[in-house]
Amino acid sequence: MLCMKRFSIPNKSSSIGSFIPSFTFSVVSSKLTMPKGKQRKVEEEESTRKGTPKIDLISSLPDSLLCHILSFLPTRCAMATSVLARRWRHLWKDLLALDLDNSKHSPYYLPGGTHRFIAFVNAVFAQRKALRVEKLRLACDIPRGEKKTIKTWIRTVVGPHLQEMYLDLSFACNEFGDRHIKLPEEVLTSASLESLVLKGHVFLTVYDGFVDLPSLKNLELDLNYVDPDFVLLGCPVLENLKLTLHESFPLNASQPPEIYMPVSLKRLTLIQDDDIEEDINDIEDLVIDTPLLEYLSITLWARCLQVSISDYPNMVEAHIDIDQDQEQVGWVLELLKALRQTKLLDLKLSTMECLLGAPAFELPEFPRLLNLELQIPYFDSGFLIKLLHNCHILQVLTLHNQENVSTVEPEEPSCWTLPMKDPDCVISHLKMFEFKGYKDSADEHGFVAYLLERGPILKTMKIHADPTLGLTYKQRIHQELSMVPRSSKTCRLIIGYTSFLPLVVREGFSIPNKSSSIDSFIASFSFSVVSSKLTMPKRKQRKVEEEDSTRTGTPKIDLISTLPDSLLCHILSFLPTRCAMATSVLARRWRHLWMDVLVLDLDNSKHSPYYLPGGPHRFIAFVNAVFAQRKAPHVKKLRLACDIPRGEKKTIKTWIHTVVGPHLQELYLDLSLPCNEFGNRDIKLPEEVLTSASLESLVLKGHMILTVYDGFVDLPSLKNLELDLNYVDPEFVLDGCWALENLRLTLHESFPLNASDPPVIQMPGSLKRLTLIQADDTEEDLNDIEDLVIDTPLLEYLSITLWARCLQVSISNYPNMVEAHLDIDQDKEQVGWMLELLKALRQTKLLDLKLSTMECLLVAPAFELPEFSRLLNLELEIPYFNSGFLIKLLHNCHMLQVLTLHNREKVSTVEPEEPNCWTLPMKDPDCVISHLKIFEFKGYQDSADEHAFVAYLLERGPILKTMKIHAHRSLGLKYKHRIRQELSTIPRSSKTCKLKLYLF
274 MLCMKRFSIP
284 NKSSSIGSFI
294 PSFTFSVVSS
304 KLTMPKGKQR
314 KVEEEESTRK
324 GTPKIDLISS
334 LPDSLLCHIL
344 SFLPTRCAMA
354 TSVLARRWRH
364 LWKDLLALDL
374 DNSKHSPYYL
384 PGGTHRFIAF
394 VNAVFAQRKA
404 LRVEKLRLAC
414 DIPRGEKKTI
424 KTWIRTVVGP
434 HLQEMYLDLS
444 FACNEFGDRH
454 IKLPEEVLTS
464 ASLESLVLKG
474 HVFLTVYDGF
484 VDLPSLKNLE
494 LDLNYVDPDF
504 VLLGCPVLEN
514 LKLTLHESFP
524 LNASQPPEIY
534 MPVSLKRLTL
544 IQDDDIEEDI
554 NDIEDLVIDT
564 PLLEYLSITL
574 WARCLQVSIS
584 DYPNMVEAHI
594 DIDQDQEQVG
604 WVLELLKALR
614 QTKLLDLKLS
624 TMECLLGAPA
634 FELPEFPRLL
644 NLELQIPYFD
654 SGFLIKLLHN
664 CHILQVLTLH
674 NQENVSTVEP
684 EEPSCWTLPM
694 KDPDCVISHL
704 KMFEFKGYKD
714 SADEHGFVAY
724 LLERGPILKT
734 MKIHADPTLG
744 LTYKQRIHQE
754 LSMVPRSSKT
764 CRLIIGYTSF
774 LPLVVREGFS
784 IPNKSSSIDS
794 FIASFSFSVV
804 SSKLTMPKRK
814 QRKVEEEDST
824 RTGTPKIDLI
834 STLPDSLLCH
844 ILSFLPTRCA
854 MATSVLARRW
864 RHLWMDVLVL
874 DLDNSKHSPY
884 YLPGGPHRFI
894 AFVNAVFAQR
904 KAPHVKKLRL
914 ACDIPRGEKK
924 TIKTWIHTVV
934 GPHLQELYLD
944 LSLPCNEFGN
954 RDIKLPEEVL
964 TSASLESLVL
974 KGHMILTVYD
984 GFVDLPSLKN
994 LELDLNYVDP
1004 EFVLDGCWAL
1014 ENLRLTLHES
1024 FPLNASDPPV
1034 IQMPGSLKRL
1044 TLIQADDTEE
1054 DLNDIEDLVI
1064 DTPLLEYLSI
1074 TLWARCLQVS
1084 ISNYPNMVEA
1094 HLDIDQDKEQ
1104 VGWMLELLKA
1114 LRQTKLLDLK
1124 LSTMECLLVA
1134 PAFELPEFSR
1144 LLNLELEIPY
1154 FNSGFLIKLL
1164 HNCHMLQVLT
1174 LHNREKVSTV
1184 EPEEPNCWTL
1194 PMKDPDCVIS
1204 HLKIFEFKGY
1214 QDSADEHAFV
1224 AYLLERGPIL
1234 KTMKIHAHRS
1244 LGLKYKHRIR
1254 QELSTIPRSS
1264 KTCKLKLYLF
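Residues 274 to 1273, numbered by the working numbering, are exactly what the sequence shown covers, in order.
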């Protein structure tokens, strides 16, 4: 089965791929050569002889499994299955993977030019039914003027479910001579993307700060221009990276960049493209500081490139192809030392030329090396014996003498000398030895004979004689080596040529590729089915399709339609009313179901995906039709969001009167009314709404003024209330809500309007969740409210956003508090009630203090911080860093587990009175030495105070698991790298602490 690069097929699933072509090809080829009557007779005889009816087992599988199978095929092949039977007609439209390959080397290349391919892809997107895409592979040549089409395709698939993206695009130059394209920002900021491959002759523009790929694990970049450093900084969990360096890399850079590989890397492939000359002046330094690396492949011959490396204790496989001058071979030797824990080491010809031509150096020891492959410019037994002495458990040794290719020659011929001591690997571990390009020199012969005589567990020795030696010489080599005594009784000696003869195939015969069997079968079978069906009348086609469905042996059953009406109506109640009405066209069974649904969701706001074009009058006519056709006697939930034209207030009241009753539980109104001739937008809710005994949730929003009269509010069952109106007096509403648990109140500039005395707003004592927001249309002072009383002992959640400096707030104790968010701006003289609020919140488990709140606390007169005995999570937005304040606060948070700091010094206007200096505390806070597990610092600027505080937590936090440092963007890449080096050298009290550094 043919699969593209990024769409791999697991081994277990290959059984079905091998079954389909072998079984169906024999059946199709035999039946196509006989008449149709004969075909039918043969089929009847076969079914009679077997005694069992024909059953299409594959078609009986569920849609989800069939779609999963089809997702491994290119989209064109998946679409071809639609002609197999009616059962398969629309399956491809539900696939979550799109494989659109129109590259010229592809077997599915679509002839007729690129415009035909563009029309094909547009048709695919137009007919798809699946709401999301998990995998996209797009490879094609795009003509001039079609960049917007490509971006449209990409934006269509980008979403919260996209996991893999493969783009191989080639663009024609425009009138300015460039091939420039900018990927949509959604691609480079996708939270779900796990694999990204970008290839082709195209320039990719990536701007600083736009790359954030928190889930990306696989990345492949093979573009004429891309600055990978900005991309890599946005990939914190990257595990596999394949990077190809081109001549124009990076283009128009103000200064040569430094490329830092992510610390999380496990596999790295670095390739210098053939279009690059010897020097890469565009890159200043390549930093491979990746301690988790398990696989490394480097192909470089840029002699001016500087590479910084670290130790790789987890290395498993390494392939090194590096060409350096003798003066710059030092970092190659350092790389070999860093790779000493690898299990497989492959040194290519250019690398061996550097090592053999370098001054005398000490070879590192490879204590875990099992497989060693060397491409040598000439044979040097002395170097090999030294290397084997340092490979203690080597099991497989492969040599390839490239003397005919290499231009390096030895300073003096090497002669075989018997080593004073046998290498440990030869006498105890070496099992296989292979020599390619064997020339039978005295040195080579002595080395091979030595391994045969001293290798007691050697199992296989393969000698590939150079083809220039001739057949007679090969026979003599075979005779001489066969006469050498062998220490291993089970050793097999195999001698052959180092050449690869092409497979000779007779004219008229071709050898198919194993991976193309299923695809070639589908193409041939689909074409035969299509051609046979197109030649018969439509009535005959329908009859054949009915016979196909009958032969499957399983009748079609609509399981959903067999459910009872009550359950179907419950399912439809989660859909907007327009979608529920659309199900009436599915079948007669569904025609009138929507009329019995007890929920009405009528959303015609402009941001809604179900907005009804044609003006608000068309929406009013639609809602009137809904109420006229409904059969249900009552309504449990109503959601109404729309703009109401002038003169339609009575219509709104009629709708509300219709739904209000003893069964109404939830009411959501988001209405926008135009001003009348008197300049106001006044509407009065029906009294039945404000005195409903069954109403449990009430949401009133919109640009309108709501009139509520005293004494008319009685909502004994109301638990959720949300008020976001230009004017409403909440005092009278809250007095009638005795069981209220959740309140969200937004204060506006005109709140409350025309009040004789500024009211006192008192929250119900039953509240468990309170969200209080001051709207953006208000000034600094909110003189319309005299006092805000939050006497709610059962409160569990509190969120306050206030900057009204004349507002007085009365509070009580909150022993059940779990989560609190405070964004309060007050003068120094009025900060007292904020301190009282912090004392009342001392039992909370999560405390979030925003920037304005911290500004008030830091500039306030000296005060005593309350103790937070149950606090587990603390989040602070600070105007400047003050380690003294933080240490005092930590002393009062005895069980703190998570600490998050966000330095907003660049945003805040508050400055410290005097610079703060780090002072080691006399006593460590209890939370630091016994509870703190996660510390995150955003906006880190590496001041002396900040550095000392971070170092203190690393040195004194024995159970610290994670420390995340988001360095500020203004520091630059070099400064960021220095920060990482400095923090990495700090001794850590916790052995499991992970230090992660990001560019903010």
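The beta carbon of each residue, even a glycine, is placed where N, CA and C say it ideally should be. This structure is a prediction, so every number in the text was calculated from the model and none was measured.
query                                                                                                                                                           : result
Evaluate the contact criterion for the segment 1243-1257 versus the segment 483-493: three or more CB pairs, one atom per stretch, below 8 Å.                   : no
Consult DSSP for E626 and reduce its assignment to one of helix, strand or coil.                                                                                : helix
Which residue from P935, S945, L1095, V1033 puts its Cα closest to that of L876?                                                                                : In the sequence as presented, Leu is not what sits at residue 876; that position holds Asp. Out of P935, S945, L1095, V1033, S945 has the C-alpha closest to the C-alpha of D876.
Measuring alpha carbon to alpha carbon, tell me which of L744, S760, T1173, P758 ends up nearest I768.                                                          : L744
For F708, write down the residues that DSSP places opposite it in a beta bridge.                                                                                : L672, I736
Ordered along the chain, which non-local residues of its own chain (more than five positions away) have a Cβ less than 8 Å from that of R1177?                  : L1124, E1150, I1151, P1152, G1212
So, helix, strand or coil for A1221, using DSSP?                                                                                                                : helix
Candidates T1044, P889, A853: which alpha carbon is nearest V872's?                                                                                             : A853
Tell me whether C1010 is buried or exposed, calling it buried when 16 or more other Cβ atoms sit within 10 Å of its Cβ.                                         : buried
Considering only the alpha carbon of each residue, which of H1220, V858, W867 lies closest to I844?                                                             : W867
Does L774 pass the burial test, meaning 16 or more other C-beta atoms within 10 Å, or should it be called exposed?                                              : In this predicted model, L774 has a pLDDT of only 35, less than 50, meaning its place in the structure is not dependable; the value taken from the coordinates is given anyway. Exposed.
Report buried or exposed for Q1099, applying the criterion of at least 16 other Cβ atoms within 10 angstroms of its Cβ.                                         : buried
Hey, how far is the Cα of L647 from the Cα of C664?                                                                                                             : 14 Å
For G473, count the other beta carbons within 10 Å of its own beta carbon; 16 or more makes it buried, fewer makes it exposed. Which is it?                     : buried
Over the uninterrupted beta strand (DSSP E) stretch that includes A370, give me the two end residues.                                                           : 370-374
Since I708 and L754 are thought to touch, with beta carbons under 8 Å apart, how far apart are those beta carbons, to the nearest angstrom?                     : In the sequence as presented, Ile is not what sits at residue 708; that position holds Phe. Actually they are not in contact, since the Cβ atoms of F708 and L754 sit about 11 Å apart, beyond 8 Å.
Looking at C-beta atoms only, is the number of pairs between the segment 1030-1048 and the segment 1014-1021 that lie closer than 8 Å three or more?            : yes
State buried or exposed for Q597, treating a residue as buried only when at least 16 other CB atoms are found within 10 Å of its CB.                            : buried
Count the other CB atoms, across all protein chains shown, that sit within 10 Å of the CB of Q545; report buried if there are 16 or more and exposed otherwise. : buried
Looking at C-beta atoms only, is the number of pairs between the segment 414-431 and the segment 348-358 that lie closer than 8 Å three or more?                : no
Going by the CB atoms, is the gap between S1039 and L1013 shorter than 8 Å?                                                                                     : yes
Below 7 Å CB to CB, which residues in the same chain sit around L1172 once its five sequence neighbours on both sides are set aside?                            : L1147, L1205, F1208
Beta-carbon within less than 6 Å of R362's beta-carbon, same chain only, minus the 5 sequence neighbours each way: which residues are those?                    : S355
Given this structure, state the Cα-to-Cα distance separating Y651 from E682, to the nearest angstrom.                                                           : 7 Å
Give the C-beta separation of E1109 and V1183 to the nearest angstrom, bearing in mind that I take them to be a contact with Cβ-Cβ under 8 Å.                   : About 22 Å separates the two Cβ atoms, so there is no contact after all.
Mapping DSSP to helix, strand and coil, what is E590?                                                                                                           : strand
Could you give the residue range of the beta strand (DSSP E) that holds N1176?                                                                                  : 1171-1176
DSSP three-state label for C664, please.                                                                                                                        : coil
Got a sec, what are the start and stop residues for the beta strand (DSSP E) N644 sits in?                                                                      : 644-649
Terminal residues of the continuous beta strand (DSSP E) containing L725?                                                                                       : From DSSP, L725 is part of no beta strand (DSSP E) but of the alpha helix (DSSP H) over 715-727.
How far does the beta strand (DSSP E) with S701 in it reach, from first residue to last?                                                                        : Here S701 belongs to no beta strand (DSSP E); instead the alpha helix (DSSP H) covers 697-701.
Can you say whether K490 is buried or exposed, counting buried as having 16 or more other CB atoms within 10 angstroms of its CB?                               : buried
Candidates T850, I532, R749: which alpha carbon is nearest L911's?                                                                                              : T850
Are three or more beta carbon pairs between the segment 726-739 and the segment 757-766 nearer than 8 Å?                                                        : yes
Using CA atoms only, rank isn't needed, just tell me which of L1144, N375, P335, L409 is closest to F345.                                                       : L409
Using three-state DSSP, classify Q1254 as helix, strand or coil.                                                                                                : helix
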